[in-house]
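To start, the structure itself, in structure tokens.
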Amino acid sequence: MAAVLKTTSFGIIQGKVSDAVTQYLGIKYATLKDRLADAVPIDSHEGDALNATIDGPTAVSLPIGCDLELTHVQHTLPKKDLPQSDLDCLNLNIAVPSDAIPTSRLPVFVFIHGGGFVIGANSWPQFDYARFVQLSVEKKLPIVAVSINYRLGAFGFLTSEELRNAGYKANNGLRDQRVAIEWVRKHIHEFGGDPDNINVAGMSAGGASVTYHLNSEKPLFKRAIAMSGTYFLSQPLPYDAHEQNYQKAISALGLLDATPAERIKALLERPGSDIVSQLPPSILAAPAIDGDVVPAAPSHAHTGSTTSDVPKGKNWCIDLMIGDSQMDASIIAFLFPHTKIGCARKFIMALKTALQSQPAVVDEILKSYGITDESASDDDAYPAVLNYINDVLFFTPVLSFAQGWKGNAYVYYFNEGNPWEGQWKGRTNHILDVSYLFQNFREFLSAEQQAVGTAFAEDFFKFCHGQAPWPAITRATVTEGFTARRYGPSTKSPFGTVTQAFGGESQRRRDLYDCTEKVSLDELANDRLIALSLEYSAFDLLETVHHDTQCFQSSSSQSGSRSRGSGHSLLCAHTQLSYRGRQNCSIGFDAWAREREHANVLLVELWYAFVGRCASESTFDEHV
């Protein structure tokens, strides 16, 4: 059923009604002169009624992004046919209670999707907010929900001196998000929202985005929610690293010999899908330290201290909700499956290299995580390695933010196991929390599991309404005056209160904190440590690929034919490092690609050689 909203700025807006919720879809919040330009806010609409009954275009990105995310969730939803656009992607979706009017002044929940800054869209089925808003009405805690699109990949994060000299700023993706938040502040009252009660939330790279916006000198929102992601997960790179990134990009696009003007023209005019497909895996979509949106590299020392004003949002964002899922590092196993091979040896080597001045600490960490034997089987060692990565990238940032927050800080632990068949059944894998939160998988859950999702969402509603969903953390240290909410396991109860940061019902480890008298969290979280682990994995995989390629070339020269195995192995290897390598920025692995990108480049060269040989003989389909 159609809905008609009369506004002062945009005239008549046509939305759609579902049950007790009205949705306004695909509303453009900004225009782009070109795909790398600053977003210019749209503050009015003239002419015919604005049709907001269908989803707007998504940002240019890998077309299989939604499938990849749902694969990790381990359950599918009905797919949508969503067009991509480089210029018309800056749109947002708004869901409101159907009885909301401009004077309702309901709390506003703005969500920033994740996806490693390379995939994601506000219109993916898992981010439909009709049920979420309907539940808020049923709980008598009504909200207005907003989801935004922003530029991804090269168009969102590629930067260089020549681009900046031409007037193209760094961090387009983060700047788009900021423009969207400011649009919401200015116009959400037309939809029944309260512009003075904006609550910005995000998950994974979206959670990292929320914490990046806390660097703003200017207050942007009233409350923040960071889910399984902070700026420690998606760390920024300095301009010199981005310059190397840019040189790799123009090389891959065949533009090394072009003039700066010709290169920029190509970046602006070549089909966006071609650019996405042609860029090698070592091209990072990472924020840049630009002295503005990202003023400096983050540190636990500043984030975790109430005497520090970093990030500056400590002084203007009154409340923070922050949490993680019990096994967020599952995303590592999904994106980098080859890291399991020989993981005990590789992790021990990496730890000894990164902390070579602290051999006693190395021994302590290896013992506490149960990784002391280089010959341990991969099945035994890999869970322990993932535990370390989970603690470094996801868990310790939660406690640092909570400990250093000057306002009210609310910590949660999402511990509900994945109910669906797959590698992570029974474990709380990455992305599962939002699957429960937004209620879009509800019919695929038991009554007990549904209760977890309901309790999770209700606490979010309370937070947006300015209520304390559970007691905030009191200062001193996270080990004193600590209170957190746990969600699941549903076999015990939908939710409960945790009074210890580690152990017991928290299901969190204190192992790294036992070392902090000797080494700091910033030393333990040094991305070089994890980067080295991946470096060894990448080269191990490369050896396999190189062997397959030699076999491929040998069989080709001897018989003029190739086995399916060689080509298929090479294709799979490229797929792993092409798509998954692009995710480095979303999981804190930028150093791996920054310091050892030649492994990826060689792999891509092998792949291109393989494709070229197959294409020349018209036999590509036979071998992949």
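To convert, count from 1 in the sequence shown and add 144; that's our numbering. A virtual CB, placed ideally from N, CA and C, is assigned to each residue, including glycine.
Open item on the list: On the CB-based measure, 16 or more other CB atoms within 10 Å of its CB, does Lys150 come out buried or exposed?
Closed with: exposed
TODO: Give every residue of the same chain whose Cβ lies closer than 6 Å to the Cβ of Gln502, excluding the five residues on either side of it in the sequence, and list them in chain order.
DONE: Val663
Task: Bridge partner(s) assigned by DSSP for Ser162 - done: For Ser162, which the question treats as bridged, DSSP gives the partners Val165.
TODO: Just tell me which of Thr152, Phe478, Gln218, Thr166 has its CA closest to the CA of Pro563.
DONE: Gln218
- [ ] On the DSSP bridge assignment, give the partners of Arg629 in chain order.
- [x] Looking at the DSSP assignment, Arg629 forms a beta bridge with Tyr556, Thr641.
Task: Residues near Leu214 by beta carbon distance below 6 Å, same chain, minus five either side - done: Annotation for Leu214: Thr220 place their beta carbon closer than 6 Å to its own, counting only its chain and skipping 5 residues before and after.
Task: Residues bridged to Gln379 [DSSP beta-bridge criterion] - done: Paired residues: none, contrary to the question.
Task: Asn343 to Leu400 span [Cα, whole Å] - done: Those two C-alpha atoms are separated by around 45 Å.
Open item on the list: Helix, strand or coil, according to DSSP, for Arg329 in the structure here?
Closed with: helix
- [ ] For Ala504, collect the residues of the same chain with a Cβ closer than 8 Å to its Cβ; drop the 5 residues on either side in sequence, then sort them by chain order.
- [x] Apart from sequence neighbours up to five positions away, the residues of its chain that approach Ala504 with a beta-carbon distance below 8 Å are Lys662, ordered along the chain.
Task: Candidates Asn459, Lys456, Pro442, Val161, of which the one nearest Arg275 by Cα - done: Val161
Open item on the list: What would DSSP say about Asp463, mapped onto helix, strand or coil?
Closed with: Looking at Asp463 - three-state DSSP - the assignment turns out to be strand.
TODO: Decide if Thr447 is buried, meaning its Cβ has at least 16 other Cβ atoms within 10 Å, or exposed.
DONE: buried
- [ ] Locate the alpha helix (DSSP H) running through Asp211, then write down its first and last residues.
- [x] 209 to 217
Task: Where Ser664 falls: helix, strand or coil (DSSP) - done: coil
Task: Boundaries of the beta strand (DSSP E) in which Ile198 is found, first to last residue - done: Neither: Ile198 is in no beta strand (DSSP E) and is coded neither H nor E.
Task: Bridge partner(s) assigned by DSSP for Arg653 - done: Partner(s): none; Arg653 has no beta bridge.
Open item on the list: Mapping the DSSP letters down to three states, classify Ser421 as helix, strand or coil.
Closed with: helix
Open item on the list: If you reduce the DSSP assignment to three classes, tell me which class Pro246 lands in.
Closed with: coil
- [ ] Check the C-beta distance from Asp178 over to Leu543 and give it rounded, since I have them as a contact under 8 Å.
- [x] Their Cβ separation, rounded to whole angstroms, is 43 Å, which puts Asp178 and Leu543 out of contact at 8 Å.
Task: N-terminal and C-terminal residue of the beta strand (DSSP E) that Met371 is part of - done: Per DSSP, Met371 belongs to the beta strand (DSSP E) from 367 to 371.
Task: First and last residue of the uninterrupted alpha helix (DSSP H) at Ala265 - done: No alpha helix (DSSP H) contains Ala265, which DSSP labels as neither H nor E.
- [ ] Name the one or two DSSP bridge partners that Ala324 has.
- [x] Ala324 pairs with nothing; no bridge assigned.
Open item on the list: Below 8 Å on the Cβ atoms is my contact criterion, and I expect Val438 with Ala432 to pass it. Report the Cβ-Cβ distance as a whole number of Å.
Closed with: 6 Å
Task: Residue of Ser521, Tyr526, Asp468 minimising C-alpha distance to Phe480 - done: Tyr526
- [ ] Spell out a yes or no on whether the region 405 to 420 and the region 380 to 388 are touching, meaning 3 or more CB-CB pairs, one atom from each, closer than 8 Å.
- [x] no
Open item on the list: Helix, strand or coil for Lys496? Go by DSSP, reduced to three states.
Closed with: Judged by DSSP in its simplified three-state form, Lys496 adopts helix.
Task: Beta-carbon separation (whole angstroms), Phe253 vs Ile287, contact threshold 8 Å - done: 5 Å
Open item on the list: Can you give me the C-alpha to C-alpha distance between Ala393 and Ala612, rounded to a whole angstrom?
Closed with: 48 Å
Task: For Val529, the three-state DSSP class (helix, strand or coil) - done: Reduced to three states, the DSSP call for Val529 is helix.
- [ ] Report all residues from its chain with a CB closer than 6 Å to the CB of Asn573; omit the five preceding and five following residues, and keep chain order.
- [x] Met471, Ser474, Asn562
Open item on the list: For the ligand PLP, I want to know if Asn315 counts as a neighbour, meaning its beta carbon is within less than 7 Å of at least one of the ligand's heavy atoms.
Closed with: Annotation note on the ligand PLP: not contained in the displayed structure, which lists no ligands.
Open item on the list: Quick check: what's the CA-CA separation for Tyr312 versus Ser188?
Closed with: If I take the Cα positions, the gap works out to 25 Å.
Open item on the list: Which of the three DSSP states is assigned to Asn562 in this structure?
Closed with: strand
- [ ] Could you tell me the distance, in whole angstroms, from the CA atom of Phe646 to the CA atom of Pro455?
- [x] 25 Å
Open item on the list: Need the endpoints of the alpha helix (DSSP H) that Lys409 sits in, please.
Closed with: 404 to 413
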